[in-house]
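Numbering-wise, the sequence shown is residues 1003 to 1297 according to this note's numbering. Step one of this worksheet: look at the structure below.
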Amino acid sequence: MNSSFNSAFDSISPSARSLLLTKAVTTIPFAREAVEMIWSENHPRFTQEELNSLQFILRCIHFETRYWSIDEALSKIGIKNILEFSSGFSFRGLSLCKNPEIFYVDTDLPQLIEDKRIIVLELAKKYCNYPIDNLIMHGLNVLDEKVFTEIIDLFPPGPIAVVNEGLLVYLDQKQKRKLCTIIHKILSNRGGNWITADIYTKKNRQSELALDIFDEKGREFKAKHHVEENKFETFKSAKAFFENCKFDIFKKIEVPSAQVSSRRFLAKIPRSKLEELKGRQKIRETWILAAKTTK
Ligand SMILES: C[S@@+](CC[C@H](N)C(=O)[O-])C[C@H]1O[C@@H](n2cnc3c(N)ncnc32)[C@H](O)[C@@H]1O
């Protein structure tokens, strides 16, 4: 492997690394391949104890479900022009661009996307037997309307699906509102939908008492980034927030549990423990949003 490849993966932050390693035990496209390619033989592995822990299993299920929810939503709306923002080290674009009818623009902050580009090209060379010229990688800070609009202009005519997972909890109210204004303008002009897997609600007492899916490091990271404060109070207030930003909920997405490969690990968990988990309230949903028309 060349040195630019090595420096690309040196820059992977501990949180992105942890997310990628977690996804590597699932069937999410290219997650395992990316881990093996980046860290080769010496790739960090979870211990058997970690793999058997309920906390780890629930974390895998959480992130895997969130990932598939976007694919599920995309297949519901059937839009072929797709812009993903804050995609991190997720390779949905590389997977979906196998369909030549799809035009996919994969974005994240400029530095990350430059590093990711190197990884994506290596993955494509090694694992893809299809052309990937319908996959564009572009730097985008989502609060930068000018760049956002320039990227939209890259798409062929037709409606656009704007998709994201894992960013809204890092944005405060004002930033979320600004993002809504930008996306509303885009969808009003072009048609299409916003699919967001980031409808997270604040922990209630019940879920506080239940197992936290994050370990110590994960909790520290979330506290540093005010993740809990940035979540919506309830699903009802999330709906009110988006309505106020001129979006309607077009559809809420459920992922068939059979699709979530990491559920296989639950077989190792005693039945009594699983019973305790039943009735836990949902803490996250994926919504397909539609821009309200103002006529
Ligand atoms: C928790 S990661 C989620 C990554 C990926 N979507 C996933 O689920 O694996 C959050 C991502 O948001 C990106 N990000 C943070 N602030 C951003 C901004 N203002 N504009 C665009 N991306 C941003 C980070 O670079 C990081 O890749």
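Note that beta-carbon positions come from the ideal geometry of N, C-alpha and C, so glycine has one too.
With a threshold of 7 Å, establish whether the CB of Ala1018 neighbours any heavy atom of ligand 1.
On the sequence shown, position 16 is the one that residue 1018 refers to. For ligand 1, at least one heavy atom lies less than 7 Å from the Cβ of Ala1018.
Could you give the first and the last residue of the continuous beta strand (DSSP E) run that contains Gly977?
This structure cannot settle anything about residue 977, because the visible part of the chain is limited to 1003 through 1297.
His1227 burial status per 10 Å Cβ neighbour count (16 or more: buried):
Sequence index remark: in the sequence shown, residue 1227 carries index 225 (1-based). Exposed, by the Cβ-count rule.
From what residue to what residue does the beta strand (DSSP E) around Gly1194 run?
Mapped onto the sequence shown, residue 1194 falls at position 192. Here the beta strand (DSSP E) through Gly1194 covers Gly1194 to Tyr1202.
Going by DSSP, name the residue or residues bridged to Arg1286.
For the purposes of this step, residue 1286 is identified with residue 284 of the sequence shown, where counting begins at 1. Beta-bridge pairing links Arg1286 to Tyr1202.
Considering Thr1109, what are the terminal residues of the beta strand (DSSP E) in which it resides?
Numbered from 1 along the sequence shown, position 107 holds the residue referred to as residue 1109. Counting along the chain, the beta strand (DSSP E) containing Thr1109 begins and ends at Phe1105 to Asp1110.
Selection from Ser1042, Arg1192 and Lys1118 that minimises the alpha carbon distance to Thr997:
Within the shown structure, residues of the chain are numbered from 1003 to 1297, placing residue 997 beyond reach of any answer.
Using three-state DSSP, classify Asp1250 as helix, strand or coil.
Working through the sequence shown from its first residue, we reach residue 1250 at position 248. In the structure shown, Asp1250 sits in a strand (DSSP, three-state: E or B).
What is the DSSP secondary structure of Glu1278, counted as helix, strand or coil?
To locate residue 1278, count along the sequence shown from 1; it is residue 276. Residue state, collapsed to three classes: helix.
Please work out which residues of its chain come closer than 8 Å, Cβ to Cβ, to Ile1285, disregarding the five sequence neighbours upstream and downstream, and give them in chain order.
Mapped onto the sequence shown, residue 1285 falls at position 283. Hits under 8 Å: Tyr1202, Thr1203, Lys1205 and Ser1209.
If you reduce the DSSP assignment to three classes, tell me which class Val1145 lands in.
The residue labelled residue 1145 in the question sits at position 143 within the sequence shown. Reading the sequence as shown, one finds Leu at residue 1145 and not Val. Correct three-state label for Leu1145: coil.
Rounded to whole angstroms, what is the Cα-Cα separation between Pro1102 and Lys1224?
Looking up residue 1102 in the sequence shown gives position 100. Looking up residue 1224 in the sequence shown gives position 222. C-alpha separation (whole angstroms): 38 Å.
Nearest-angstrom beta carbon gap, Ser1089 and Asp1108 [assumed within contact, 8 Å]:
Here residue 1108 refers to the residue found at position 106 when the sequence shown is read from its first residue. Here residue 1089 refers to the residue found at position 87 when the sequence shown is read from its first residue. 5 Å between Cβ atoms; contact.
Anticipated Cβ contact below 8 Å, Phe1065 with Leu1021, distance rounded:
Along the sequence shown, read from residue 1 onward, the residue named residue 1065 stands at position 63. Along the sequence shown, read from residue 1 onward, the residue named residue 1021 stands at position 19. Their Cβ separation, rounded to whole angstroms, is 7 Å, which keeps Phe1065 and Leu1021 in contact under 8 Å.
Quick check: what's the CA-CA separation for Gln1113 versus Arg1119?
Taking the sequence shown and counting its residues from 1, one reaches residue 1113 at position 111. Taking the sequence shown and counting its residues from 1, one reaches residue 1119 at position 117. Using only the alpha carbons, I get a separation of about 10 Å.
Among all the DSSP beta bridges, which residues are the ones paired with Glu1086?
Numbered from 1 along the sequence shown, position 84 holds the residue referred to as residue 1086. The partner list for Glu1086 (beta bridge, DSSP) reads Asp1108 and Val1165.
Does Ile1255 come out as helix, strand or coil in the three-state DSSP assignment?
Your numbering for residue 1255 matches position 253 in the sequence shown. Correct three-state label for Ile1255: strand.
CB-CB length for Ile1290 against Asn1195, believed under 8 Å:
The residue labelled residue 1290 in the question sits at position 288 within the sequence shown. The residue labelled residue 1195 in the question sits at position 193 within the sequence shown. Rounded, the Cβ-Cβ distance is 5 Å, consistent with contact.
Kindly indicate which three-state DSSP category Leu1156 falls into: helix, strand or coil?
Here residue 1156 refers to the residue found at position 154 of the sequence shown. In this structure, Leu1156 counts as coil in the three-state DSSP scheme.
For Pro1339, the nearest candidate out of Thr1028, Gly1141 and Gly1220 (CA to CA)
The question about residue 1339 has no answer here: the residues shown for the chain are numbered 1003 through 1297.
Inter-residue Cα distance where the pair is Arg1061 and Ala1260
Residue numbering aside, residue 1061 sits at position 59 when the sequence shown is read from its first letter. Residue numbering aside, residue 1260 sits at position 258 when the sequence shown is read from its first letter. The alpha-carbon atoms of Arg1061 and Ala1260 are separated by roughly 17 Å.
From the DSSP output, in three-state form, read off Leu1291 for me.
Your numbering for residue 1291 matches position 289 in the sequence shown. Here Leu1291 sits in strand by DSSP.
Using C-beta distances below 6 Å, list every residue in its chain close to Lys1248, excluding the 5 sequence neighbours before and after it, in chain order.
The residue given as residue 1248 occupies position 246 in the sequence shown. Closer than 6 Å at Cβ, skipping near neighbours: His1186 and Lys1294.
Of the listed residues Glu1086, Lys1280, Phe1234 and Ala1075, nearest to Phe1252 (C-alpha basis)
By 1-based counting over the sequence shown, the position of residue 1252 is 250. Cα-wise, what sits closest to Phe1252 is Ala1075.
Of the residues Leu1276, Phe1105 and Phe1157, which one's Cα is nearest the Cα of Pro1133?
For the purposes of this step, residue 1133 is identified with residue 131 of the sequence shown, where counting begins at 1. Nearest C-alpha to Pro1133: Phe1105.
Work out the CA separation of Glu1231 and Leu1085 for me, nearest whole Å.
Stepping through the sequence shown from its first residue, residue 1085 is reached at position 83. Stepping through the sequence shown from its first residue, residue 1231 is reached at position 229. Spanning the two alpha carbons is a distance of roughly 27 Å.
Nearer than 7 Å: is that true of the beta carbon of Gly1168 relative to any heavy atom of ligand 1?
For this step, residue 1168 is matched to residue 166 along the sequence shown. The answer is yes for Gly1168.
Run the CB neighbour count on Thr1296, radius 10 Å, all protein chains shown included, and call it buried at 16 or more, exposed below.
Working through the sequence shown from its first residue, we reach residue 1296 at position 294. Exposed, by the Cβ-count rule.
Work out the CA separation of Glu1218 and Gln1057 for me, nearest whole Å.
Your numbering for residue 1057 matches position 55 in the sequence shown. Your numbering for residue 1218 matches position 216 in the sequence shown. The straight-line gap from Cα to Cα measures roughly 11 Å.
Mapping the DSSP letters down to three states, classify Phe1048 as helix, strand or coil.
For this step, residue 1048 is matched to residue 46 along the sequence shown. Note: Phe1048 maps to coil in three-state DSSP.
Measuring only from the beta carbon, is Asn1232 closer than 7 Å to any heavy atom that is part of ligand 1?
Counted from its first residue, the sequence shown places residue 1232 at position 230. Result no, Cβ not under 7 Å from ligand 1.
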